[in-house]
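What follows is a single structure, written as structure tokens, with notes after it.
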Amino acid sequence: MSTHHHHAKDFLFTYIFSTDHKMISKQFLVTGFLMGFIGLIMSTLFRLQLGWPGESFEMIELLMGSWQEDGVMAPDKYLSLVTMHGTIMVFFLLTAGLSGTFSNLLIPLQIGARDMASGFLNMLSYWFFFISSVVMLCSLFVEGGAASAGWTIYPPLSALPQAIPGSGAGMTLWLVSMSIFIVSSLLGSLNYIVTILNMRTKGMSMTRLPLTIWAFLLTAILGVLSFPVLLSAALLLVFDRSFGTSFYLSDIYIGGQVLEHSGGSPILFEHLFWFLGHPEVYIVLLPALGITSEIISTMTRKPIFGYRAMIGSMMAIGFLSFIVWGHHMFLTGMNPFLGSVFTFTTLLIAIPSAVKVFNYLTTLWKGNIVFTPATMFSVGLVSTFISGGVTGLILGNSALDINVHDTYFVVGHFHIVMGLSAIFGMFAGVYHWFPKLFGRMMNNKLGNIHFWITICCAYGVFFPMHFLGFAGVPRRYYTNSEFPMFDNMIDINVFISVCAILAMIGQLVFFFNFVYSAFRGPKAPMNPWKGNTLEWTSPVEHFHGNWYGEIPAVYRWPYDYSKVNANGEYVYGEDFIPQTTPLGDDEKDGGEH
Amino acid sequence: MMTIIVVVAVILVVIAGSQLLKIAELRALSKGELIYEVSEKEGKQSGLLMLGFFAAFMAFFAWQMWSWYGLKLPVSASAHGVDTDWLTGATYAVITPVFILTNGLLFFFCFKYSYSSTRKATFFSHSNKLEMIWTIAPSLVLTVLILMGLSNWNKIMTPIADEDDRVLIELTGQQFTWTARYAGADKKLGRSHVTLIEGVNATGVDATDDNAKDDKLVKGEFHLPVGMPVQFVFRSLDAIHSAYMPHFRSQMNCVPGITTQFNFVPTKTTEEMRKITNNDEFNYVLLCNKICGAAHYNMQMDIVVESQEDYDKWLAEQKTFVE
Amino acid sequence: MTTVTLENTNYKDEIRRKTSKPLMWVGIMSIVMFFGGLTSAVVVSQGGGSFLTIAMPQAFVISTFVIVLSSLAFHFGLISVKKGNHTMAKLSVGITLALGLAFVATQYMGWVTLHDNGVYAIGSESTQQSSFLYLLTALHILHLIGGLVSLIVVLVKTMKERYTSEDSVGMQVSLTYWHFLGGLWVYLFFFLRYSIA
Ligand code: HEM
Ligand SMILES: [Cu+2]
Ligand SMILES: [Cu+2]
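Okay, here's the thing in structure tokens:
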């Protein structure tokens, strides 16, 4: 009897209310992927409408219920889907799912700590995330439907249920969910920052940290500085919605009535929102870049090129991301001079981004590249980061933005540079650190298939969107058939939708591989990729504490791959030198010869 | 029934897949290999695929240009639009080669340097010179682009000061229609406020204001004289809208509570544009480009650009506000 | 080899000592950004034009003195603990708590005065300025409640003489937060005084 009780308690604290960072990491991963899958299905659903507008899809009525009467999606439900898709992808999959998983898994393991600074806060962080996910999903089922004002929830649309049904209960739940989400994100970031700054093992100076850790650190700092501002924006919106204040609302005539609000300005909301919104883009991107840096270096068997430049450019990107938010608001009637300033700062970000790309290329140059699925997704990231990044020069230039702002050109741009890059980074991370997460290996062949389907379909979906943008097709349109000038676009739209459906099917390969390998994959060795970093010195099986005995000390930077001596032989007979290997007499640290 | 069949089929596929994977793993083991280790041959294949992908990617790019580039907006119908189009083209002239070259190098390196047990990777960890080059080169290019963009931007955003030599139009967005208000003979728009909205006074023009008496409210379509600077003032009554006139390369948000402005000089009449586009049905349009509600996708107004005489005639036919 | 796990209390204790203050500091950073966002919202919205001025209630001035005094008292408490003077520590923390509660009371009095003067937080008679005034002060109180809870914990532990001259991290963290709340109020007071009231 009492042992039984004991077991139940064990189960509860090992799998549910665990404070072990590795378990929390897995919880984030699984929850994030589930949310991501829902977001993916949503995108397929609204792509059906865009590809074949007005056509009846009775098959999915089952799934959609009253949102899809007679097989045709209602216009406001289309907007609900777009809004929820954007919210889920950006926040739930690529903020919590990505950072939550890899910051949790890698920070203690790579810096040499037994756990996070506060396991308890860490656990809370996950459970807040879980609750906010549940609330967000519940909002799909309330009267009026889910929030439908776009993921940017600009008032007055988001403030007035008269303006769109989704701004009723659905929007309320959106705000509740996001507030909880912000708390979760703050608790997480708090922990990541403090852990990295205070709990590094002996010898692990800041300049010996793997780039992953640098990326997570900067991401967490961005989060701590920007999410509270979103919270304040959301709070003011709650007051406007529910208590008749006028922070954002003024002079409104809707549904035959003049509202009493006066003196507020929606522009205020836009400022507050984008003060978070732009750093958020890098909160999504930086972890992916960090992961890729680590993987590319390990798998090319070469040191990452320009370690310090990589750190410097991430810092520059992080800093600049706080002073560019205005590029989302060029057309809000802002002072033209201010617009010029934002153009200037925005285009500045291109410089550190370019440095990163060239450094990746140089790392691959004369490498000895081992093509695991993780390597391929990392290469994919570099490609999408380039392809999506270059169009930023058009959007960031205020004069040119006038004509493409809020068109499909933007949708193409941000999906490639942020959506795809971050997703690719996340996949790369999962394939690479799966042995650490689950103690088993994923299947490479399926991984390769997954990669090729994903990159082909992803470019197939998002590249053509630029051409829609050239033709002036606005985003967030339920259909383009109301304008004769868009009649020729139907081919592009069908092409995109077909690719989107294929992309979704391609992800099933991944999910199969993931689930199968987690339970039945071949057992992982301790250091399958011959990596230098500390996580590969910790035992495969999980236990709370990470290392039996002492935590290993660190003597060198993490990128001593293929280091040769004067005779052209590997210094220690192998093409990698773990960070735990003391420096030889004639060796210099940090990639110096 | 169908559902059941599908579910059963999926389950079977999953089971079969799992068994196959297990078998593959065991087979590799029996040969003394580990299934998750990438053999040199597989690596070479992947490298080749990378190169193949790049070729396919470029072919895809070319195919899209070939089939879809022609769908882009026709030549700009406004004076400043010619400049923005030129600058857009110039930016493309910079980013397209960068896009092709860097992607090319990326996939080429993947092919060239795929794993070989006989080669050693080169330990090359940094080079101040190289890093300097690729910090400075983009900086220079960007400086040029920024400077050109800003001069263009400042020109576009400066309101037309000369009150006599311009057409003044207020565009008001509202779920899900547009109303245009012409300033009338006095070339001044009267005051307006939402509390005054009533019946035909769709935007709440203040009848007690002398400037308002000759204002003209227009719905459905509005006209512009060719070659004349047009000063727009934008308002919104409910959600944020965005007045997007793609053919004129012009867009500005309409924000409740404040007014915004934009101006341009239309340079081609509707008739001329019909000839250029080879389309007798061509019409300039104003569309809404900021999510504003369920029918956001259908919030439009036609724009007619015509000669000064035709325009004057049309305007004379419109009723003034007090009428 | 013996297995070192986290259940090894020494390790946990060491981590707690090393990280609780940094955790507090980073947390404070995020609160700073939260209020930074809100106060810059006040500034941005007043760029728009006309705004009425609101008379700052006398009670808020008193609040300011009260909270500064409470900070001093708490600080004195910590010094006493470090010197091993438990009686003095108990007294100081007790006074701090009393002053904290007094602060809440004076804030409440301030709101009552505002309300009596026809300054409303919500509803059709509120203005943007009045809403901001109430909101900012209320949010400060909300954060202060967290501080009061931690004060109570600290008081209990001080009574039990848990803090020693070697280990007083818990108290220090609470003190840091309390100082921050005081500083935040002083900032808000002057900000509101010169931007709204
Ligand atoms: C195959 C996968 C995906 C497809 C087919 C897809 C498709 C789309 C499309 C067509 C839109 C625009 C809808 C409209 O404006 O009417 C959209 C919006 C959006 N997507 Fe995706 N997307 C995918 C994945 C992602 C990912 C990975 C992200 C993560 C960054 C993402 C983030 C967003 C956001 C933020 C929006 C804007 C939502 C809004 O307008 O409020 N999407 N997606
Ligand atoms: Cu941005
Ligand atoms: Cu609209």
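Chains as they are written, first to last, in the working numbering: chain A, 604 to 1196; chain B, 73 to 395; chain C, 52 to 248.
Every residue gets a Cβ at the ideal spot worked out from N, C-alpha and C, and that includes glycine.
Check                                                                                                                 : Outcome
Residue closest to G1193/A, alpha-carbon to alpha-carbon, out of K905/A, F846/A, W1160/A and S628/A                   : W1160/A
Where L178/B meets chain A, residues with beta-carbon distance less than 9 Å                                          : V960, Y963, L964, L967, V982, V985, S986 and I989
Ordered list of alpha helix (DSSP H) runs contained in the stretch 1068 to 1136 of chain A, each at least 4 residues  : 1093 to 1123
Beta-carbon gap between N1198/A and G753/A smaller than 7 Å                                                           : The displayed coordinates of chain A run from 604 to 1196. Any statement about residue 1198/A would go beyond what the structure contains.
Buried versus exposed call for T168/B [16 or more other C-beta atoms within 10 Å across all chains shown]             : exposed
CB contact below 7 Å: C182/B versus chain A                                                                           : yes
H874/A Cβ short of 6 Å to ligand 2 heavy atom set                                                                     : no
Residue-level contact to chain B via CB, R1079/A, 7 Å cutoff                                                          : yes
Straight-line Cα distance separating Q333/B from F304/B                                                               : 5 Å
Partner residues on chain C for A720/A, Cβ-Cβ distance less than 7 Å                                                  : I66, T70 and L74
beta-carbon H881/A near ligand 2 non-hydrogen atom, thresh 6 Å                                                        : yes
Selection from T1136/A, L833/A and V1101/A that minimises the alpha carbon distance to S780/A                         : L833/A
Length of the line joining the Cα atoms of T178/C and Y681/A                                                          : 36 Å
Y1198/A to K362/B span [Cα, whole Å]                                                                                  : Only positions 604 to 1196 of chain A appear in the structure, and residue 1198/A is not among them; the question remains open.
CB contact below 7 Å: S379/B versus chain A                                                                           : no
Chain B within 7 Å of L760/A, Cβ atoms only                                                                           : yes
From M324/B, T244/B, S199/B and N175/B, residue whose alpha carbon lies closest to that of K291/B                     : T244/B
Three CB pairs or more closer than 8 Å across the stretch 879 to 889 of chain A and the stretch 858 to 866 of chain A : no
Chain-ordered residues of the stretch 355 to 370 of chain B with a beta carbon less than 7 Å from chain D             : Here the protein chains are A, B and C, and chain D is not one of them.
Interface residues of chain A facing R191/B [CB-CB closer than 7 Å]                                                   : N971
Members of the stretch 920 to 944 of chain A near chain B, C-beta cut-off 7 Å                                         : L934, T935, G936, P939, G942 and S943
Length of the line joining the Cα atoms of H313/B and I870/A                                                          : 13 Å
Beta-carbon proximity list for L123/B, same chain, < 7 Å, skipping 5 on both sides                                    : F179, F180 and F183
Closest Cα partner of T815/A within the set I1104/A, V738/A, V927/A and A1031/A                                       : A1031/A
Distance cut-off 6 Å: M373/B Cβ against heavy atoms of ligand 3                                                       : no
Short Cβ contact (7 Å threshold) for H624/A with M719/A                                                               : yes
C-beta atoms of L666/A and F660/A nearer than 7 Å                                                                     : no
Integer-rounded CB distance, given that M371/B should sit under 8 Å from C364/B                                       : 7 Å
Sequence ranges, beta strand (DSSP E) only - wholly within the stretch 195 to 255 of chain B, length at least 3       : 239 to 246 and 249 to 254
Rounded C-alpha distance that separates D384/B from H295/B                                                            : 10 Å
DSSP-derived helix/strand/coil call for D155/B                                                                        : helix
Inter-residue Cα distance where the pair is S122/C and F116/C                                                         : 10 Å
Cβ-heavy atom distance, C364/B to ligand 3, below 6 Å                                                                 : yes
Beta carbon of G936/A nearer than 7 Å to that of V1007/A                                                              : no
Secondary structure of N1192/A, DSSP reduced to three states                                                          : Checking the sequence shown, residue 1192/A turns out to be Asp, not Asn. Looking at D1192/A - three-state DSSP - the assignment turns out to be coil, as it is neither helix nor strand.
Inter-residue Cα distance where the pair is T978/A and S102/B                                                         : 27 Å
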